[in-house]
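Only one structure is covered here, and it is reproduced in the block below.
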Amino acid sequence: MAKQLYIETVGCQMNMLDSELVVASLRKAGYTLVETPAKADTILFNTCSVRQHAEDKIYSALGRLKHAKKHNPNKIIGVLGCMAQKDQRLIFERAPYVDLIVGPGQLHQIPELIEKIGAGAGPQMEVSLDRKAGTRGEIEQSFESYDPLRDPAMRPTPFQAFVRIMIGCDKFCTYCIVPSVRGPEQSRPAAHILAEARQLAEEGCREITLLGQTVDSYRNAADGRTWRLSDLLAALQEIEGLERIKFVTNYPKDMTDDLLSAVHELGKVSPYLHVPAQSGSNRILQRMKRGYTVEDYREMLARIRERVPEAAVTSDFIVGFSGDTEEDFDQTIDLVRESRFKNSFIFKYSERPGTKGASVYPDDVAQDVKKRRNNELLAIQNAISEEDNQPLIGRQVEVLVEGPSKNARRQADGGDVLQLVGRTHCDRIVVFDGNARQIGRLLDVAIYDANSFTLFGSVVTAHVGPEVYRL
Ligand code: 5AD
Ligand code: SF4
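The numbering of the sequence shown is the numbering used here, which starts it at 252 and goes up by one.
Written out as structure tokens, the structure is:
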């Protein structure tokens, strides 16, 4: 009988990709996916540790499974990913009915580990070495990642896919848990990435998003040359069938001119750059150990505007990091006001045990202050986003149609009109009426309205010009 798998994924795109690969390996082992934990005999959580809130949600989801497990002791419950690497045995202590704990570097072992548990071997845990527990080579090896096995059904859509080009991070920003849970920075060989992208294109994939914690730091030496991200983009541009290439997340210091030229010159590369600033105050940037000043960031942004004038730039900010005063916050507001990001993700600082931030700097900004600053900064950003979307009204944009919108499927004259959602080359969300056949296609859409997050439009049909009927 087929075994039933339920998997829940939180966190970043890297986790979505990891889940895709886990599902692919378990399908091979005879599993089918089900929609609810109640129907499953194996329940997996792919977790995130970037903020406390994401961890709390997983621990409460585990709490809700306690009775199910008592009722059916054969159910296998697993915790995967960053929280598994960070908390390790602590998860067994907090939820003793968990059977499986697997770090991001051991996901390929899951089918075998589940088989062991099924055979009565008891709870299993596989995690990577701590970043101080060996030589760099030993630690790198303990963070293996496995990418060739893919599962189209688990992708955002069948024609969009994530492709990992790097794992890990060596930047060690003081607030961030990623370098300890995702391990040392390692770039995948270009040949592997290109082979994977070709395969995806053959399967009908039209858009790929290259993933890395600091994707613009990509560097890999092979056959006597060093591949940078710009070289990789130029090679990906040549793959037939691929239409769009995106990459996230960028590190401000590594936005080099060769990369900006590649984005401008290569038609398939989306003019969309996510480059988190985190703060507009030099004092805070230094405490965060970001490795640049706000002047450096401004200079980088000016280079982007000059070399890739068509680019949409987005950012991340943390409010209420240790020592973040109202004056520091004002400087962050200034940076947001003048930078005119397409949008910004704003986060309240969440102290992460195990980071330098947690051991050296007190978490000294009150929760309600963090909340107020978060709302204030978001309101400023949203007003800018709305303003900057207005000039698009009356223009045509090319959209990759992703699927039905959230409030899709409504009846219209004489047939089913479907509200669809798609994205422009520079990652703007567009909502318009269409039909199911258009999903997965590139379409021209004329924009008639816009708010901070969404453009509204109608499909530009092939037969143009008014038709004159005479009686
Ligand atoms: N608290 C709040 N936000 C954080 N981020 C990373 N670590 C933390 C933390 N400890 C944010 C950063 C990063 C984004 C993915 O999450 O802004 O760019
Ligand atoms: Fe975290 Fe900084 Fe690395 Fe980004 S660059 S993953 S914020 S340590």
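Glycine included, every Cβ here is placed at the ideal spot set by N, Cα and C. The structure displayed is predicted, hence computed values, not measured ones.
{"query": "Counted within 10 angstroms of its Cβ, other Cβ atoms place Glu286 as buried (16 or more) or exposed", "result": "exposed"}
{"query": "Assumed close pair Ile416, Ile444 - CB separation to whole angstroms, cut-off 8 Å", "result": "5 Å"}
{"query": "Rounded separation between Ile615 and Thr565 - CA only", "result": "Going by the sequence as given, residue 615 is Asp instead of Ile. Rounded to whole angstroms, Asp615 to Thr565 spans 28 Å at the Cα level."}
{"query": "Three-state class that DSSP yields for Val715 in the structure shown", "result": "Residue confidence is low: Val715 scores 49 on pLDDT, short of 50, so the model does not pin down where it sits. Its coordinate-derived value is still stated next. Note: Val715 maps to coil in three-state DSSP."}
{"query": "Beta-ladder partner(s) of Ala697, from DSSP", "result": "Gln647, Ser709"}
{"query": "Of the residues Arg406, Phe704, Glu389, Pro604, the one placed nearest Ser636, counting alpha carbons only", "result": "Phe704"}
{"query": "The region 548–567 / the region 621–631 touching (three or more Cβ pairs under 8 Å)", "result": "no"}
{"query": "Tyr502 (DSSP reduced to helix, strand or coil)", "result": "coil"}
{"query": "Ala663 (DSSP reduced to helix, strand or coil)", "result": "Confidence at Ala663 is low in this model, with a pLDDT of 48, below 50, so its placement is unreliable and the value that follows should be read with caution. If DSSP states are grouped into helix, strand and coil, Ala663 belongs with the strands."}
{"query": "DSSP bridge partner residues for His525 (one or two, in chain order)", "result": "Thr565"}
{"query": "Exposure label - Asp664; buried when at least 16 CB within 10 Å", "result": "Low confidence applies to Asp664: its pLDDT is 46, below 50, so where it sits in the model is not reliable enough to give any reading."}
{"query": "Cβ separation of Gln411 and Cys456, assumed to be a contact under 8 Å, to the nearest whole Å", "result": "7 Å"}
{"query": "Per-residue DSSP class, three states only, for Thr507", "result": "coil"}
{"query": "Phe423 beta carbon near ligand 2 (any heavy atom closer than 8 Å)", "result": "yes"}
{"query": "Cβ-Cβ separation, Gln529 to Gly569 (assumed contact under 8 Å), whole Å", "result": "Correcting the residue identity first, residue 569 is Ile in this sequence and not Gly. 5 Å between Cβ atoms; contact."}
{"query": "Nearest-angstrom Cα separation, counted from Gln537 out to Leu483", "result": "32 Å"}
{"query": "beta-carbon Arg541 near ligand 2 non-hydrogen atom, thresh 8 Å", "result": "yes"}
{"query": "N- and C-terminal bounds of the beta strand (DSSP E) containing Lys422", "result": "Segment: none, Lys422 is in no beta strand (DSSP E) and carries neither H nor E."}
{"query": "Gln255 versus Ser311: straight-line alpha-carbon distance, rounded", "result": "22 Å"}
{"query": "Local Cβ density within 10 Å of Ser379, reported as buried at 16 or more and exposed below that", "result": "buried"}
{"query": "Cα-Cα separation between Val650 and Ala513, rounded to whole angstroms", "result": "22 Å"}
{"query": "Alpha carbon of Gln662 to alpha carbon of Asn702, nearest angstrom", "result": "Note that Gln662 scores 48 on pLDDT, short of 50, meaning its location in the model is unreliable; the coordinates nonetheless yield the value given after this. Their backbone Cα atoms lie some 25 Å apart in a straight line."}
{"query": "Where the beta strand (DSSP E) through Ala472 begins and ends", "result": "470–473"}
{"query": "Extent of the continuous beta strand (DSSP E) run through Met376", "result": "375–377"}
{"query": "Closest Cα partner of Pro440 within the set Gly434, Tyr469, Ala452, Thr425", "result": "Tyr469"}
{"query": "Asn702 - DSSP class collapsed to helix/strand/coil", "result": "coil"}
{"query": "Contact test: Cys333 Cβ vs ligand 2 heavy atom, cutoff 8 Å", "result": "no"}
{"query": "Under 6 Å, CB to nearest heavy atom of ligand 1: contacting residues", "result": "Val301, Arg302, Tyr426, Cys427, Pro527, Gln529, Asp567, Ile569, Phe598, Tyr600, Ser601, Arg603"}
{"query": "Residue(s) in a DSSP beta bridge with Val330", "result": "Phe296, Ile352"}
{"query": "Among Gln641, Val710, Thr675, Ser656, nearest to Asp700 - alpha-carbon criterion", "result": "Gln641"}
{"query": "As assigned by DSSP and simplified to three states, the class of Pro403", "result": "helix"}
{"query": "Classification of His525 by the beta-carbon crowding that lies within 10 angstroms, buried from 16 upward", "result": "buried"}
{"query": "Residue closest to Ser590, alpha-carbon to alpha-carbon, out of Gly463, Lys599, Leu693, Met551", "result": "Met551"}
{"query": "Start and end residues, alpha helix (DSSP H) containing Val587", "result": "577–590"}
{"query": "Contact test: Val611 Cβ vs ligand 2 heavy atom, cutoff 8 Å", "result": "no"}
{"query": "Which of helix, strand or coil DSSP assigns to Asp494", "result": "What sits at residue 494 in the sequence shown is Glu, not Asp. If DSSP states are grouped into helix, strand and coil, Glu494 belongs with coil."}
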